[in-house]
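In the working numbering, the protein residues as written are 272 to 837.
All C-beta atoms in this analysis are idealised placements derived from N, C-alpha and C, irrespective of residue type, glycine included.
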Amino acid sequence: MSSQSTKVSVSTYLFLRLKEVGANHVFGIPGDYVLPLFDELIDQDHGVEHILVCNELNGAYAADGYSKMSGFGAVAVTYGVGSLSTANAVGGSFADSTPMIVIAGTPTIEVLTTPTPRKLHHVIDTNFDACLEAFRPITAASHRLTRLETASAEIDDLIRTAMQRKKPVYLEIPYDLQLAEVEKPTEPLDLWLNQSSQVNLKAALCHTVGLLNSSQTRSVVMGHLLQREKLIEETKSLVECLNASVATTFVGKIPAFEGHPNAAGMYMGAMSCDATKTTVETADLALVAGMTLNEFDTGVFTSKLGEEQDCIWMDFDQVLINNHVYDKVYLRDFLPALLKEAKNDQAGTLEISKTARRFSFQRSDRFDPTDKNLTIDHLFVQFANYAKAGDVMFGDTGGYINASQAEYPVGVDIHGCGNYGSLGAGFALFCGGIFAKEASGRRCYMITGDGAFHMTAQELSTLIKYETDCVLFVLDNKGYGAERQIYPGKERSYNNTPVWNYEELGSAFGGVEGQTCNSFVVRTEKDMAELLDNLDKPKGVNIVRIILDPWDSASFNVKFSEALRH
272 MSSQSTKVSV STYLFLRLKE VGANHVFGIP GDYVLPLFDE LIDQDHGVEH ILVCNELNGA
332 YAADGYSKMS GFGAVAVTYG VGSLSTANAV GGSFADSTPM IVIAGTPTIE VLTTPTPRKL
392 HHVIDTNFDA CLEAFRPITA ASHRLTRLET ASAEIDDLIR TAMQRKKPVY LEIPYDLQLA
452 EVEKPTEPLD LWLNQSSQVN LKAALCHTVG LLNSSQTRSV VMGHLLQREK LIEETKSLVE
512 CLNASVATTF VGKIPAFEGH PNAAGMYMGA MSCDATKTTV ETADLALVAG MTLNEFDTGV
572 FTSKLGEEQD CIWMDFDQVL INNHVYDKVY LRDFLPALLK EAKNDQAGTL EISKTARRFS
632 FQRSDRFDPT DKNLTIDHLF VQFANYAKAG DVMFGDTGGY INASQAEYPV GVDIHGCGNY
692 GSLGAGFALF CGGIFAKEAS GRRCYMITGD GAFHMTAQEL STLIKYETDC VLFVLDNKGY
752 GAERQIYPGK ERSYNNTPVW NYEELGSAFG GVEGQTCNSF VVRTEKDMAE LLDNLDKPKG
812 VNIVRIILDP WDSASFNVKF SEALRH
């Protein structure tokens with residue numbers, strides 16, 4: 272195809288649009304129904320690179336992790352066996368409000384539209400719509416291209432929908448459309464966003480200003496939607512204009528606010544440190560920005576936000592003020608408008624203790640390491656002190672639960688699998704996030720338990736293949752530690768995972784020890800301290816096996832597990 276041509280394939284058109292929204296990489300596994308698209312992915316000059324992963328589920332997790340860093344993620348797979356394999360990751364992306372696209376190649380249009388009793392490979396019975404139907408409840412849109420004349424507009428609409436709603440979308444492209452030609456885009460993708468109702472927006476602002484005027488103390492609770500909408504700086508300005516305390520949450524852990532002078536700590540209802548809970552819940556006015564009413568952020572629904580205080584709850588597309596709902600008021604519109612009003616506000620009184628404990632694992636808890644075996648309580652204090660501005664950290668379910676309770680410097684990005692809590696997702700999320708340009712040149716590391724790591728471990732080979740620089744901390748407690756705490760008092764064999772030699776996996780997955788990978792085993796506090804000193808600027812994939820007692824658990828995790836028991 273000539274570089275001067277005004278025509279491009281449908282596949283290349285899609286890749287050009289993906290690059291516009293920040294997806295410079297597409298994760299995925301080729302298969303016969305999607306091979307023409309993969310040819311275009313690696314042959315054409317569209318600025319998008321293919322990252323070959325080990326399976327489709329991990330590819331979709333990787334796209335989610337990539338989106339958490341860059342703003343949009345993409346995975347390409349074959350029909351049926353490929354697309355359905357991504358479903359669990361797509362569900363997590365939907366729950367966590369992460370925009371991404373699953374691209375599936377299908378049989379030709381003629382095959383799709385011609386009734387037949389013949390059962391093609393990868394197809395569920397003879398129902399070619401089964402995958403489209405399966406993805407509808409877990410995406411913002413599930414769509415198949417069927418006409419070349421409208422393919423470009425339909426691709427634009429689908430990407431726009433994902434960006435508007437901050438949710439995943441699913442796209443099927445029939446085999447015979449993947450190389451069919453359309454006009455090359457000449458204008459940037461129009462990402463016009465849903466507009467707020469101006470009547471409701473003004474009414475919500477008026478109501479809010481009235482509550483600000485009648486309040487002396489204010490608390491702001493931050494949620495993950497602020498990250499999705501890129502409203503961090505505006506929220507920081509709002510906190511300072513209002514002289515409000517500010518607390519982060521489990522899903523929306525944003526260290527930029529944990530090091531703020533007005534920081535109250537990590538808020539999770541009754542799971543919070545006492546001072547944090549008191550500061551947030553006893554303020555005259557609570558402003559909850561971008562947090563959803565999920566089990567983790569609310570501390571298993573023990574939050575008392577708004578029970579004995581006025582409360583302004585800013586959700587994705589509505590504002591709830593006490594018991595009044597203002598529909599069609601989008602967070603992206605309301606928060607900047609509120610900031611303008613707040614600049615005229617008389618600053619409130621800040622009531623916050625500078626000495627009270629705000630995190631389970633504080634940097635000030637630093638200790639002199641000994642030859643004693645590591646405990647999780649001490650380990651995460653060491654992680655807190657290892658972290659430095661600019662780091663990118665991911666955690667799997669158990670690893671993230673503990674990591675979220677640690678204090679980190681301003682400038683650290685930390686991500687996990689959120690309230691959905693899919694075991695094993697965290698490592699594959701990390702394997703995607705590390706490829707985003709936003710992670711380039713930064714120290715990247717992952718904290719996972721052994722049980723979670725077993726589920727997605729093969730992506731270690733992806734990190735090695737692409738010669739990444741990172742650290743993988745595997746907490747080896749020989750099983751599902753979180754499950755042991757949720758259902759305690761009984762030694763159950765189903766919680767005991769097979770014992771792996773994690774320090775040998777780098778070589779097994781194609782790495783060269785001392786060159787593309789490095790392996791370590793630590794057992795004591797001193798072991799860990801010395802290793803962290805040597806991993807200040809890691810080169811290659813560094814695999815750290817941390818030996819822990821199977822029944823050891825962080826103090827916070829014990830408390831949280833008790834609340835989760837059924």
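Closest by C-alpha distance to residue i, when choosing among the options
| i | options | result |
| --- | --- | --- |
| residue 430 | 421, 442, 419, 776 | 442 |
| residue 672 | 709, 436, 361, 720 | 720 |
| residue 784 | 738, 557, 820 | 738 |
| residue 790 | 827, 763, 745 | 745 |
| residue 814 | 294, 735, 800, 648 | 735 |
| residue 800 | 693, 655, 618 | 655 |
| residue 485 | 562, 513, 451 | 513 |
| residue 723 | 381, 687, 419, 568 | 687 |
| residue 471 | 386, 598, 425, 519 | 598 |
| residue 338 | 425, 649, 705 | 705 |
| residue 497 | 327, 507, 291 | 507 |
| residue 581 | 489, 355, 467 | 489 |
| residue 757 | 701, 833, 741 | 833 |
| residue 755 | 830, 695, 701 | 830 |
Cβ-Cβ distance between residue i and residue j below 8 Å
| i | j | result |
| --- | --- | --- |
| residue 444 | residue 308 | yes |
| residue 373 | residue 301 | no |
| residue 664 | residue 683 | yes |
| residue 343 | residue 319 | no |
| residue 316 | residue 349 | no |
| residue 711 | residue 781 | no |
| residue 603 | residue 502 | yes |
| residue 662 | residue 714 | yes |
| residue 494 | residue 535 | no |
| residue 524 | residue 380 | no |
| residue 797 | residue 642 | yes |
| residue 377 | residue 387 | no |
| residue 346 | residue 330 | yes |
Nearest-angstrom Cα separation, counted from residue j out to residue i
| i | j | result |
| --- | --- | --- |
| residue 273 | residue 401 | With a pLDDT of only 49 at residue 273, under 50, the local geometry of the prediction cannot be trusted, and the value read off the model is given with reservation. Approximately 38 Å between the Cα atoms of the pair. |
| residue 480 | residue 510 | 15 Å |
| residue 282 | residue 795 | 53 Å |
| residue 596 | residue 558 | 15 Å |
| residue 464 | residue 365 | 19 Å |
| residue 548 | residue 541 | 7 Å |
| residue 750 | residue 725 | 10 Å |
| residue 600 | residue 593 | 16 Å |
| residue 407 | residue 332 | 18 Å |
| residue 422 | residue 552 | 51 Å |
| residue 753 | residue 357 | 25 Å |
| residue 409 | residue 403 | 11 Å |
| residue 653 | residue 633 | 9 Å |
| residue 717 | residue 674 | 10 Å |
| residue 690 | residue 334 | 18 Å |
| residue 321 | residue 314 | 10 Å |
| residue 418 | residue 426 | 12 Å |
| residue 277 | residue 340 | 33 Å |
| residue 323 | residue 730 | 10 Å |
| residue 555 | residue 583 | 11 Å |
| residue 297 | residue 288 | 12 Å |
| residue 478 | residue 504 | 24 Å |
| residue 414 | residue 699 | 26 Å |
DSSP bridge partner residues for residue i (one or two, in chain order)
| i | result |
| --- | --- |
| residue 743 | 717, 814 |
| residue 795 | 644 |
| residue 414 | 442 |
| residue 665 | 686, 717 |
| residue 323 | 299 |
| residue 591 | 584, 596 |
| residue 501 | Paired residues: none, contrary to the question. |
| residue 278 | 454 |
| residue 784 | 788 |
| residue 516 | 490 |
| residue 377 | 445 |
| residue 537 | 519 |
| residue 677 | 632 |
Contact with chain B by residue i, beta-carbon distance below 8 Å
| i | result |
| --- | --- |
| residue 328 | Among the chains in the structure shown there is no chain B, since it carries only a single protein chain. |
Ignoring anything shorter than 4 residues or poking outside the region 306-373, list the alpha helix (DSSP H) runs there in chain order. Listed in chain order, they are 306-314, 327-341, 352-356, 358-366.
Where in the region 539-589 do unbroken runs of the beta strand (DSSP E), each at least 3 residues long, occur, reported from the N-terminal end onward? Counting only runs of 3 or more, we get 556-560, 581-585.
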